[in-house]
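Student: Before we start, here is the structure in question, set down as structure tokens.
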Amino acid sequence: MKASVIVCTRDRCARLEALLASVAAAKPVAGMDLELVVVDDGSKDATGVTVKRFAACVDFPVHLLVQQPGRGLAAARNRGLREVRGDLIVFLDDDCVVSPNYFRELTARFAADDQPVFRGGRVVLGDPADAPLTIKTSPYMERLADRADPGGFILGCNMAMPRVVLAKVGLFDERFGAGAPLKSAEDTDYMLRASLAGFRVEYVPDMTVYHHHGRRTAQQVGRVHHNYCIGNGALAMKHTFSAPWLWRTRYWTLRNAMKEMFGGPPFAPELGMSHAPIIAYNIVGACLFLLAKARRASPWREPVDVELVKTPARVA
Numbered sequence: 007m008k009a010s011v012i013v014c015t016r017d018r019c020a021r022l023e024a025l026l027a028s029v030a031a032a033k034p035v036a037g038m039d040l041e042l043v044v045v046d047d048g049s050k051d052a053t054g055v056t057v058k059r060f061a062a063c064v065d066f067p068v069h070l071l072v073q074q075p076g077r078g079l080a081a082a083r084n085r086g087l088r089e090v091r092g093d094l095i096v097f098l099d100d101d102c103v104v105s106p107n108y109f110r111e112l113t114a115r116f117a118a119d120d121q122p123v124f125r126g127g128r129v130v131l132g133d134p135a136d137a138p139l140t141i142k143t144s145p146y147m148e149r150l151a152d153r154a155d156p157g158g159f160i161l162g163c164n165m166a167m168p169r170v171v172l173a174k175v176g177l178f179d180e181r182f183g184a185g186a187p188l189k190s191a192e193d194t195d196y197m198l199r200a201s202l203a204g205f206r207v208e209y210v211p212d213m214t215v216y217h218h219h220g221r222r223t224a225q226q227v228g229r230v231h232h233n234y235c236i237g238n239g240a241l242a243m244k245h246t247f248s249a250p251w252l253w254r255t256r257y258w259t260l261r262n263a264m265k266e267m268f269g270g271p272p273f274a275p276e277l278g279m280s281h282a283p284i285i286a287y288n289i290v291g292a293c294l295f296l297l298a299k300a301r302r303a304s305p306w307r308e309p310v311d312v313e314l315v316k317t318p319a320r321v322a
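In this note's numbering, the protein residues as written are 7 to 322.
As structure tokens, this is what we get:
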């Protein structure tokens, strides 16, 4: 099995170096064919030097792709998808490190499948001083149920899929995600589209990564949470007809916000979050999606044709 790992990065040289070191440490125990594709969204630090130095020290291909800054995470993911050659495609974030058994567990999970599966693994805090945000630590294997809200079911910093999913689902929607107008949810949108296309979506309690996201203050947590709410509101609007059940979550959040006004529990008291801002930013996200659609903004900037991408990955 050949696995292609895509890492998108921008100005996080030190954290990226930690991820690369963990990949190198985990790879030899896997007994697998591996390539690493790093997509640099216009970094101004030593990212390029770090990747090239790493490539000279390992026994598997490392490709550095540089795109114009500011195009966003989804565009960077798509740039990587157009270049990879593996049967299995893995997405890792530049502020994570993988467990020593990550690739052993990854290959075992996908080798045992009797059908294509879009899969995510466990995400735990890399630093206990960080806020308990953007993690998933459930000890149980879970499958995304029909008509379930996919928000948070799999995290984009640790997800993988066989190439056949890419061939059928296509590229990420570049209107979503960090650095794009709709702020977040490019991973959730892709997960939902994979599910609607008939693929099984699964979370497993292994394939563990440690997330060093660095958010500790209430302001930092609030900012990322607001972005998630904008993305989720846009997602519900986009899939109003293909997945109308997404609005059910918005309805229950509205009910909980009304209960909170009369003494009900807040959304996440440990993080100082209430329900009302969720509704407000969901509405903002829905409006932003309609605005993007009215402007006829393209979901992605190039045609999806994974079979015709033959140019070898380049070091830039």
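The C-beta atom is built at its ideal place from N, Cα and C for all residues, glycine as well. Computed from a predicted model, the values in this text were never measured in an experiment.
Let me know if Q225 comes out buried or exposed under the rule of 16 or more other beta-carbons within 10 Å of its beta-carbon.
Tutor: On the sequence shown, position 219 is the one that residue 225 refers to. Under this definition Q225 is an exposed residue.
Student: Could you check the C-alpha separation between L22 and F268 for me, to the nearest Å?
Tutor: The residue given as residue 22 occupies position 16 in the sequence shown. The residue given as residue 268 occupies position 262 in the sequence shown. Their backbone Cα atoms lie some 46 Å apart in a straight line.
Student: By a C-beta neighbour count over all protein chains shown, 10 Å radius and 16 as the cutoff for buried, is V192 buried or exposed?
Tutor: Against the sequence shown, residue 192 aligns to sequence position 186. The identity of residue 192 in the sequence shown is Glu, whereas the question assumes Val. So E192 ends up on the buried side.
Student: The beta strand (DSSP E) with D39 in it runs from where to where?
Tutor: Stepping through the sequence shown from its first residue, residue 39 is reached at position 33. Start and end: D39 to D46.
Student: Classify K189: buried if its beta carbon has 16 or more other beta carbons within 10 angstroms, exposed otherwise.
Tutor: If you number the sequence shown from 1, residue 189 lands on position 183. So K189 counts as buried.
Student: Can you give me the Cβ contacts of Y234 inside the same chain, cut-off strictly under 6 Å, excluding the 5 residues immediately before and after it?
Tutor: Numbered from its first residue, the sequence shown carries residue 234 at position 228. Result list for Y234: S190, in chain order.
Student: For S49, count the other beta carbons within 10 Å of its own beta carbon; 16 or more makes it buried, fewer makes it exposed. Which is it?
Tutor: What you label residue 49 is simply residue 43 of the sequence shown in a count that begins at 1. It is buried - the Cβ of S49 has at least 16 other Cβ atoms within 10 Å.
Student: Just verifying my parser: in three-state terms, what is the DSSP assignment at P318?
Tutor: To locate residue 318, count along the sequence shown from 1; it is residue 312. Since pLDDT at P318 reaches only 37, below the 50 mark, its modelled position is unreliable, and the value read off the structure follows with that caveat. Three-state DSSP puts P318 in coil, outside helix and strand.
Student: In the DSSP assignment, find the unbroken alpha helix (DSSP H) run with F295 in it and report its ends.
Tutor: Counted from its first residue, the sequence shown places residue 295 at position 289. Segment A282 to A300, the alpha helix (DSSP H) holding F295.
Student: For the alpha helix (DSSP H) containing D155, name the first residue and the last one.
Tutor: Locating residue 155 in the sequence shown gives position 149, where the first residue counts as 1. Neither: D155 is in no alpha helix (DSSP H) and is coded neither H nor E.
Student: Count the other CB atoms within 10 Å of the CB of R153; is the residue buried (16 or more) or exposed (fewer)?
Tutor: Taking the first residue of the sequence shown as position 1, residue 153 is located at position 147. By the neighbour-count rule (16 or more Cβ atoms within 10 Å), R153 is not buried but exposed.
Student: With contact counted as at least three CB pairs below 8 Å, one residue from each stretch, are the segment 108-120 and the segment 34-45 in contact?
Tutor: They touch, by the three-pair rule.
Student: Can you tell me whether H217 is helix, strand or coil according to DSSP?
Tutor: For this step, residue 217 is matched to residue 211 along the sequence shown. DSSP places H217 in strand when its eight states are reduced to three.
Student: Could you check where the beta strand (DSSP E) with S144 kicks off and where it finishes?
Tutor: Here residue 144 refers to the residue found at position 138 of the sequence shown. No beta strand (DSSP E) holds S144; DSSP gives it neither H nor E.
Student: Please classify C63 as buried or exposed, where buried requires at least 16 neighbouring CB atoms within 10 angstroms.
Tutor: Counting from one through the sequence shown, the residue named residue 63 turns up at place 57. Under this definition C63 is an exposed residue.
Student: Would you give the residue range spanned by the alpha helix (DSSP H) that E208 belongs to?
Tutor: Start at 1 with the first residue of the sequence shown, and residue 208 comes out as number 202. Not the alpha helix (DSSP H): E208 falls in the beta strand (DSSP E), residues R206 to Y209.
Student: For D99, which three-state DSSP category applies?
Tutor: Numbered from 1 along the sequence shown, position 93 holds the residue referred to as residue 99. In this structure, D99 counts as strand in the three-state DSSP scheme.
Student: Assuming V104 contacts E208 under a Cβ cut-off of 8 Å, what Cβ separation, rounded to an integer in Å, is found between them?
Tutor: As a first step, residue 104 must be located in the sequence shown, where it is residue number 98. As a first step, residue 208 must be located in the sequence shown, where it is residue number 202. Rounded, the Cβ-Cβ distance is 19 Å, inconsistent with contact.
Student: Bridge partners of K8, per DSSP?
Tutor: Here the question's residue 8 lines up with position 2 in the sequence shown. DSSP output for K8 lists D39 as bridge partner(s).
Student: Using CA atoms only, rank isn't needed, just tell me which of K265, L297, G76 and D47 is closest to S280.
Tutor: Along the sequence shown, read from residue 1 onward, the residue named residue 280 stands at position 274. Closest by alpha carbon: K265.
Student: Quick check on C14: does DSSP put it in helix, strand or coil?
Tutor: Here residue 14 refers to the residue found at position 8 of the sequence shown. C14: strand per DSSP, three-state reduction.
Student: Look at the Cβ atom of F97, then the Cβ atom of M165, and state whether they are nearer than 8 Å.
Tutor: Looking up residue 97 in the sequence shown gives position 91. Looking up residue 165 in the sequence shown gives position 159. Taking 8 Å as the Cβ cut-off, F97 and M165 qualify as a contacting pair.
Student: Given a threshold of 16 other Cβ atoms within 10 Å of its Cβ, counted over all protein chains shown, does R125 qualify as buried or as exposed?
Tutor: As a working note, residue 125 is residue 119 in the sequence shown. When all chains shown are included, R125 counts as buried.
Student: Give me the DSSP bridge partner(s) of H69.
Tutor: Numbered from its first residue, the sequence shown carries residue 69 at position 63. In DSSP, H69 forms a bridge with V43.
Student: Within the same chain, show all residues whose beta-carbon is closer than 7 Å to that of T143, passing over the 5 residues directly before and after it, in chain order.
Tutor: In the sequence shown, the residue the question calls residue 143 occupies position 137. The answer, listed in chain order, is R128 and V130.
Student: Out of curiosity, what's the CA-to-CA distance linking A298 and D65?
Tutor: Reading the sequence shown from its first residue, position 292 is the one you call residue 298. Reading the sequence shown from its first residue, position 59 is the one you call residue 65. When rounded, the distance between both Cα atoms is 44 Å.
Student: From A137 to T223, what does the alpha carbon distance come to, in whole angstroms?
Tutor: Residue 137 sits at position 131 when you count from the first residue of the sequence shown. Residue 223 sits at position 217 when you count from the first residue of the sequence shown. Roughly 8 Å between the two C-alpha positions.
Student: Specify, as a first and last residue, the run of the alpha helix (DSSP H) that L172 falls within.
Tutor: For the purposes of this step, residue 172 is identified with residue 166 of the sequence shown, where counting begins at 1. L172 -> alpha helix (DSSP H) spans R169 to V175.
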